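Start counting the sequence shown at 18; every next residue gets the next number (the working numbering).
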Amino acid sequence: MHRVNFKDTAAYFIITFNLVVFFYFAALNTIYILLYTAAFFEARRYIRRRDIVDMKEIFRSPLTPSISVLMPAYNEDVSIAESVKSVLMLHYPRFEVVVINDGSTDGTLDVLTEKYQLERITTVVDSKVPSEPVRGVYFSYEYDNLVVVDKENGGKADALNAGLNASRNDLICVIDADSIIEPDALLKVARPFIENPEDTIAAGGIIRLVNGCKVVSGNVTEVALPHGYWANTQIVEYLRAFLGGRMGWSALHSLLIISGAFGLFDRRVVLDVGGYRGDMVGEDMELVVRMHRHMREQKRKYRMYFVPDPVCWTEAPEKFSQLSRQRDRWQRGLMQSMAAHIRMLFNPRYGVIGLFGMPYFFFFEMIGPMVELLGYVAVVLALALGYVNFQFFFLFIALAILYGVVVSLTAVYLEGLAFRRYPKVTSLLKLGLYSFLDNLGYRQINSYWRTKAYFTYFTRKRKWGKMDRMGYGEAGP
């Protein structure tokens, strides 16, 4: 009987897996080059157009659509007053603010009632999309465009559906209650709807981290970097994701994610697809994918845009445990969205979304963290056992890590060149340093968190988890 040489078999498996991971990183980096090239030209085009656009003319234009700003809130009594104030101060001709108190157990509703002189009214909210029962609707004596919907707890998606039912305007802008929107952000993010009203169905702005910034009366008055490791690495991560990733995907007509912290949507299309799904932890991505699917199946012309100028400031978690839960949740949301719309994968019926966008997110974002994590283990093991030489090892590290450093530095460079939100040269130099730290430590930990999400995914966990917040009144160095 032929005896199997387990040592040779193990060596063959480890070497083969290393080669697979090597070519995986090579493919991923090639896609990054394409994305960042598209993002660079898109940024240049946007800046040229931005410099010649008169925002006052857009403000006065009769074509400017009305907007309902939806703010779901759950136990946000620390920051809700400042967040609502920042939204009420937005520079936009016709908009209403709909705050949805999703069964908070703290003083969120009390804070709003006292701050904005709310009074409960008798009204019926149409149930165009399903949501948990509404307990009451409140209007403000001080601001006639402020509405507060108090409802039974049902989660963020359910709260957004209640807000969608209560809204009255052409577009809905979805923001987080713990966010601060810059005064002209709504006007800027609405530009695609004004310039291309027939085809535009969604647009998203950029999310920046307020950690370290000074906030006064609902406005970021001084932009600065925080002191902690976790917050700074996330700033680099956000720059890479938005200025490189989403700008590139937008240019390629393959934008699959519009952040749930700041997105603008055609209300009719959102209603047509049935609103938000309450069984998804990543309800923002799933809605965008479902809108793509709906428009493609209806054979309707449409566009979704990423707009890099309008800014939403939000607080990032600075505790290890909170960041771990957040990334686990994001990864499960991605997995749910992919599973719900798997028929779009490599399906030419869905055009560039099915042939390029979906495959990228499936293979490189969903499966990628596990491949990357196992790749680190396999290459170290192969080197220790003598299955690969140092030349292969260093080439692997260059593809897996050093190229990530280059990508992060490119995002920081694009930030400093085009958008300049961090005015101090020392801030950009600090972000450059964290571009290295982001890829030498944080990235590997993040891959572990996202890989672990495979196990929590099958437990059907849907909790968001609690995040302790500083409150914007205390933000700043």
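Positions of the beta carbon are idealized from the N, C-alpha and C atoms, including for glycine.
Predicted model only: the values in this text are computed from it and were never measured.
- Of the residues GLU382, ILE64, ILE31, the one whose Cα lies closest to the Cα of LEU391 is ILE31.
- Between TYR322 and PRO209, the C-beta spacing is below 7 Å.
- Cβ atoms of VAL165 and LEU129 come within 8 Å of each other, at about 6 Å.
- Distance from the CA of MET375 to the CA of PHE381, rounded to the nearest whole angstrom, comes to 10 Å.
- If you look at ARG77, you'll find it in the alpha helix (DSSP H) that goes 72-77.
- Shown here, TYR430 sits in a helix according to DSSP, grouped into three states.
- Using a Cβ-Cβ distance cut-off of 8 Å, the segment 24-43 and the segment 405-416 are in contact, since at least three pairs of beta carbons, one from each stretch, lie closer than that value.
- Under DSSP, LYS132 shares a beta bridge with no residue.
- Of the residues assessed, GLU93 falls on the buried side of the cut-off, its CB having 16 or more other CB atoms within 10 angstroms.
- Across the structure, LYS231 and ILE198 are spaced so that their CA atoms are roughly 14 Å apart.
- Separation of the CB atoms of LEU372 and PHE363 is rounded to 6 Å, and the pair is thereby assigned contact status at 8 Å.
- With 16 or more other Cβ atoms from the protein chains shown falling within 10 Å of its own Cβ, LEU340 counts as buried.
- The segment 423-433 and the segment 441-460 touch, with no fewer than 3 CB-CB distances between them shorter than 8 Å.
- Under the DSSP definition of a beta bridge, ASN118 partners with ALA90, ASP167.
- Straight across, the Cα-Cα distance linking TYR367 with ALA248 is about 38 Å.
- Residue burial annotation: ARG344 is buried, with at least 16 other C-beta atoms found within 10 angstroms of its C-beta.
- Between PRO82 and ASP187, the C-beta gap is smaller than 7 Å, which places the two residues in contact.
- Scanning the segment 227-272 from its first residue to its last, the whole beta strand (DSSP E) runs of 3-plus residues come out as 231-233, 236-239.
- For the pair VAL298 and GLY277, the Cα-to-Cα distance works out to about 11 Å.
- In this structure, LEU87 sits near GLY180, with a CB-CB distance shorter than 7 Å.
- Per the coordinates, the alpha-carbon of LEU242 lies some 30 Å from the alpha-carbon of VAL116.
- Taking all protein chains shown into account, THR217 has 16 or more neighbouring C-beta atoms within 10 Å of its C-beta and is therefore buried.
- In the DSSP assignment, GLU113 is bridged to SER85.
- Here TYR293 has ALA174, LEU177, ASN178, GLU300, LEU304 as same chain residues with Cβ atoms under 7 Å from its own Cβ, once five neighbours each way along the sequence are excluded.
- The segment 213-228 makes contact with the segment 250-265: 3 or more CB pairs, one atom from each, lie closer than 8 Å.
- The shortest C-alpha to C-alpha distance from ALA98 to any of GLY261, ARG185, GLY385, ASN118 is the one to ASN118.
- By the CB criterion at 7 Å, ALA194 and SER100 fall inside the cutoff.
- Cβ-Cβ distances below 6 Å link TYR474 to ARG349, MET352 in the same chain, with the five nearest sequence neighbours on each side left out; the list follows chain order.
- With a contact defined as Cβ atoms closer than 8 Å, VAL286 and MET308 qualify at about 6 Å.
- Apart from the 5 residues on each side of it in sequence, MET361 sits with its Cβ closer than 7 Å to the Cβ of ARG310, TYR367, ILE370, GLY371, MET375 in its chain, given in chain order.
- For the pair HIS270 and ASP25, the Cα-to-Cα distance works out to about 47 Å.
- In chain order, GLY235 place their CB closer than 6 Å to the CB of LYS102, counting only its own chain and leaving out the 5 sequence neighbours on each side.
- Taken atom to atom, the span from the alpha-carbon of LEU273 to that of TRP266 is near 8 Å.
- By the Cβ-count criterion, LEU260 is buried, with 16 or more other Cβ atoms from all chains shown falling within 10 Å of its own Cβ.
- In this structure, DSSP gives THR140 a state outside helix and strand, which the three-state scheme calls coil.
- A distance below 7 Å separates the beta carbons of LYS168 and VAL151.
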